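Only one structure is covered here, and it is reproduced in the block below.
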Amino acid sequence: GAVVSQHPSRVICKSGTSVKIECRSLDFQATTMFWYRQFPKQSLMLMATSNEGSKATYEQGVEKDKFLINHASLTLSTLTVTSAHPEDSSFYICSVGGLYGYTFGSGTRLTVV
Amino acid sequence: KQEVTQIPAALSVPEGENLVLNCSFTDSAIYNLQWFRQDPGKGLTSLLLIQSSQREQTSGRLNASLDKSSGRSTLYIAASQPGDSATYLCVPSAGGGNKLTFGTGTQLKVEL
Chain H
1 GAVVSQHPSR
11 VICKSGTSVK
21 IECRSLDFQA
31 TTMFWYRQFP
41 KQSLMLMATS
51 NEGSKATYEQ
61 GVEKDKFLIN
71 HASLTLSTLT
81 VTSAHPEDSS
91 FYICSVGGLY
101 GYTFGSGTRL
111 TVV
Chain V
1 KQEVTQIPAA
11 LSVPEGENLV
21 LNCSFTDSAI
31 YNLQWFRQDP
41 GKGLTSLLLI
51 QSSQREQTSG
61 RLNASLDKSS
71 GRSTLYIAAS
81 QPGDSATYLC
91 VPSAGGGNKL
101 TFGTGTQLKV
111 EL
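Listed in order, the protein sequences are those of chains H and V.
The opening position of the first sequence corresponds to residue 1 in our numbering, with each subsequent residue numbered one higher.
The opening position of the second sequence corresponds to residue 1 in our numbering, with each subsequent residue numbered one higher.
Structure, rendered in structure tokens:
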């Protein structure tokens, strides 16, 4: 399967600041990448589908102005949490894949203080 | 809408036991099914991928079976080890571009 690198693995930021999370597909040209959020002891929830060269598709209830997604190349998608608040503290995971299965990044633990 | 149920929700066993983790899904129109493990605070690691035309896949001590028509998959873990402790997730997929559905998984603890 594809190799996916996600960075940073852990970040602490102050309330009101913005945080950028990177997801790289190292050996697979990904026209689509997926961003998930996971709260403690809960399932992964899809936030948005990142599309290379075009706008991301957001799931219902996810604020696109708050969670900015950029997919400027076939190997890199970024998720920026803007004006972060404590309730945005969560585990964010990206994924690449399709017909032949999915590969997930190692995740980013975001803590907003 | 696809729904995934995994039984049991949690399992604690002594080292060396053979285990069976069950997964059921409501929409049998899938392209494939993957089993993942998730360690605390980590991402998902793919264990096995079964295509819809296949009945089972094996990797080392792991064997996964798929009965697509009845919406069931089973993961067998032989001779369990403490390093197998993790949450196991089964994820059916309808193919590229379709959303994945996750259940809450089976939380496994293998004790010495």
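Think of the CB as a built atom: it goes at the ideal place given N, C-alpha and C, for glycine as much as any other residue.
These numbers come from a predicted model, not from an experiment.
Checking the sheet assignment: what are the DSSP bridge partners for residue i?
i, result
"Phe-39(H)", "Beta-bridge pairing links Phe-39(H) to no other residue."
"Lys-109(V)", "Ser-12(V)"
"Gln-6(V)", "Cys-23(V)"
"Leu-89(V)", "Phe-36(V)"
"Glu-59(H)", "None; Glu-59(H) has no bridge partner."
"Gly-43(V)", "None, per the DSSP bridge assignment."
"Asp-67(V)", "Arg-72(V)"
"Val-3(H)", "According to DSSP, which records beta bridges pairwise, Val-3(H) is partnered with nothing at all."
"Arg-109(H)", "Arg-10(H) and Phe-91(H)"
"Gly-97(H)", "Tyr-102(H)"
"Glu-56(V)", "Ser-65(V)"
"Leu-179(H)", "Residue numbering for chain H in the displayed model covers 1 to 113; residue 179(H) lies beyond these limits and cannot be assessed."
"Ile-113(V)", "Because chain V in this structure spans residues 1 to 112, residue 113(V) falls outside the shown range and cannot be described."
"Ser-73(H)", "Leu-76(H)"
Straight-line CA distance for residue i to residue j?
i, j, result
"Val-4(V)", "Phe-28(H)", "28 Å"
"Ser-106(H)", "Ser-70(V)", "33 Å"
"Leu-48(V)", "Val-11(H)", "31 Å"
"Ala-86(V)", "Ser-28(V)", "27 Å"
"Phe-36(V)", "Gly-83(V)", "15 Å"
"Gly-16(H)", "Lys-1(V)", "37 Å"
"Tyr-88(V)", "Tyr-76(V)", "11 Å"
"Thr-32(H)", "Gly-97(H)", "8 Å"
"Ser-95(H)", "Gln-42(H)", "18 Å"
"Gln-38(H)", "Ser-90(H)", "6 Å"
"Lys-64(H)", "Ser-93(V)", "25 Å"
"Val-19(H)", "Thr-82(H)", "7 Å"
"Gly-41(V)", "Pro-40(H)", "9 Å"
"Ile-50(V)", "His-71(H)", "30 Å"
"Ser-53(V)", "Tyr-31(V)", "8 Å"
Does the Cβ-Cβ distance between residue i and residue j come in under 8 Å?
i, j, result
"Met-45(H)", "Trp-35(H)", "no"
"Ser-65(V)", "Thr-74(V)", "yes"
"Asp-88(H)", "Leu-110(H)", "yes"
"Tyr-102(H)", "Gln-34(V)", "yes"
"Cys-23(V)", "Arg-72(V)", "yes"
"Val-62(H)", "Pro-86(H)", "no"
Could you confirm whether any beta carbon from chain A is found closer than 8 Å to the beta carbon of residue i?
i, result
"Leu-75(V)", "Absent here is chain A; the protein component of the structure consists of chains H and V."
Identify each residue in the region 33-46 of chain V for which the Cβ-Cβ distance to at least one residue of chain H is less than 7 Å, and report them in chain order.
Gln-34, Gly-41, Lys-42, Gly-43, Leu-44 and Ser-46
Which runs of the beta strand (DSSP E) at least 3 residues long sit entirely within the region 12-57 of chain H? Give them in chain order.
19-25, 32-38 and 45-51
When you check each C-beta in the region 86-106 of chain H against every C-beta of chain V, which residues fall closer than 9 Å?
Phe-91, Ile-93, Cys-94, Ser-95, Gly-97, Gly-98, Leu-99, Tyr-100, Gly-101, Tyr-102, Thr-103, Phe-104, Gly-105 and Ser-106
Pull out every residue of the region 90-107 of chain V whose Cβ sits closer than 8 Å to any Cβ of chain H, in chain order.
Val-91, Ser-93, Gly-95, Gly-96, Gly-97, Lys-99, Leu-100, Phe-102, Gly-103, Thr-104 and Gly-105
At a Cβ cut of 9 Å, what residues of the region 15-33 of chain H count as close to chain V, listed as they run along the chain?
Thr-32
Closer than 9 Å, Cβ to any Cβ of chain V: which residues of the region 41-54 of chain H, in chain order?
Lys-41, Gln-42, Ser-43, Leu-44, Met-45, Leu-46 and Thr-49
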